[in-house]
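Note sheet for the following structure.
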Amino acid sequence: EAGVTQSPTHLIKTRGQQATLRCSPISGHTSVYWYQQALGLGLQFLLWYDEGEERNRGNFPPRFSGRQFPNYSSELNVNALELEDSALYLCASSFGAQYFGPGTRLLVL
Amino acid sequence: GEDVEQSLFLSVREGDSSVINCTYTDSSSTYLYWYKQEPGAGLQLLTYIFSNMDMKQDQRLTVLLNKKDKHLSLRIADTQTGDSAIYFCAATPGNTPLVFGKGTRLSVIA
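Put into structure tokens, the structure is as follows:
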């Protein structure tokens, strides 16, 4: 069974640009979570989608947004990128326990 | 809200047992997880335990839960160099976002 997949694996942007990160959950999983792992800040919850709806968001500004598609895949958008947005962005899918993808490493220059 | 604490570093000799400890604050946390992260990689789910269990064993891994003290531990038997990684403890009351500890960096000395 395929695991959670994320694309791209690496993304380099400059300040002010927008970034789009994608996640495909494990087949049958309807919940998708996004987490940010920034250096020195640990793993922080960003967004949770379930059945196409945003269920909860962490303590992040509105320029972090996303959506979940009818096939349960998800997209995370980060607008007006700032240097401190450089991090590993992890997606997890769940039908009970949360299983993580390999992450997208975003570098903002 | 939930707060999860872990010690930051642990160093063991190859072949010894490793014990990584974690404490959490929210007694409504019913799902407790251990994840492993190798350099440059995502999180690998190692095991999880429900709050109505005291212990769970899976091959070399043993999880102990003391619900009264809100203390969780992960024991790795016969630790190998391939076990060197960062181990995260996480808690959640249910199908909700995880709250993670800061991770314990396990170094295995050959």
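Residue numbers (the numbering used here), protein chains in the order written: chain A, 647 to 755; chain B, 237 to 346. C-beta: ideal position from N, C-alpha, C; glycine also.
Return the Cβ separation of residue i and residue j in integer angstroms, given the expectation that the two are a contact with Cβ distance under 8 Å.
i, j, result
"S395(B)", "I322(B)", "Absent from the structure is residue 395(B), since the part of chain B shown begins at 237 and ends at 346."
"V650(A)", "G742(A)", "Not confirmed; about 14 Å, so no contact."
"L693(A)", "R703(A)", "5 Å"
"E697(A)", "T676(A)", "6 Å"
"V299(B)", "K292(B)", "5 Å"
"Q690(A)", "Y681(A)", "6 Å"
"S265(B)", "S287(B)", "7 Å"
"Y271(B)", "Q280(B)", "6 Å"
"C258(B)", "E241(B)", "7 Å"
"G688(A)", "K338(B)", "5 Å"
List, in order along the chain, the chain B residues whose C-beta lies closer than 8 Å to that of residue i?
i, result
"P748(A)", "A277, G278"
List, in chain order, every chain A residue whose beta-carbon is nearer than 9 Å to that of residue i.
i, result
"L334(B)", "Y679, Y681, L689, F691, A738, Q744"
"F324(B)", "G688, L689"
Give me the chain A residues within the contact set of residue i, using Cβ-Cβ distance strictly less than 7 Å, ordered along the chain.
i, result
"K338(B)", "G688"
Can you list the residues of chain A that residue i reaches, using a CB-CB cut of under 8 Å?
i, result
"N288(B)", "Going along chain A, no residue has its Cβ under 8 Å from N288(B), so there is no contact; the nearest lies around 15 Å."
"N302(B)", "The contacting residues do not exist; N302(B) stays about 21 Å from chain A at best."
Check the Cβ-Cβ distances between residue i and every residue of chain C, and say whether any is below 8 Å.
i, result
"G712(A)", "No chain C appears in this structure, whose protein chains are A and B."
(request) Identify each residue in the region 261 to 285 of chain B for which the Cβ-Cβ distance to at least one residue of chain A is less than 9 Å, and report them in chain order. (result) Y267, Y269, Y271, Q273, G276, A277, G278, L279, Q280, L281, Y284
(request) Anything in the region 723 to 739 of chain A with a Cβ closer than 9 Å to a Cβ of chain B? List those residues in chain order, please. (result) L734, L736, C737, A738
(message) Closer than 9 Å between beta carbons: that is the criterion. Which residues of the region 700 to 711 of chain A meet it against chain B?
(response) R701, N702, G704
(request) Pair every Cβ in the region 659 to 668 of chain A with every Cβ in the region 298 to 311 of chain B, then say whether three or more of these pairs are closer than 8 Å. (result) no
(message) For a minimum of 3 consecutive residues, which ranges assigned as the beta strand (DSSP E) are wholly contained in the region 650 to 677 of chain A?
(response) 651 to 653, 656 to 659, 665 to 670
(message) Counting only Cβ-Cβ distances shorter than 9 Å, please list the residues of the region 248 to 259 of chain B near chain A, keeping chain order.
(response) none
(message) Would you call the region 709 to 718 of chain A in contact with the region 242 to 251 of chain B, where contact means no fewer than 3 C-beta pairs closer than 8 Å?
(response) no
(message) Quick check for students: name the residue ranges of the beta strand (DSSP E) that lie wholly in the region 682 to 735 of chain A, counting only runs of 3 or more.
(response) 688 to 696, 699 to 703, 710 to 714, 720 to 724
(message) Check whether the region 725 to 734 of chain A and the region 321 to 337 of chain B touch, using three or more Cβ-Cβ pairs below 8 Å as the test.
(response) no
(message) Quick check on the DSSP output: what are the complete beta strand (DSSP E) runs of length 3 or more inside the region 246 to 302 of chain B, in order along the chain?
(response) 254 to 260, 267 to 273, 279 to 286, 291 to 294, 297 to 302
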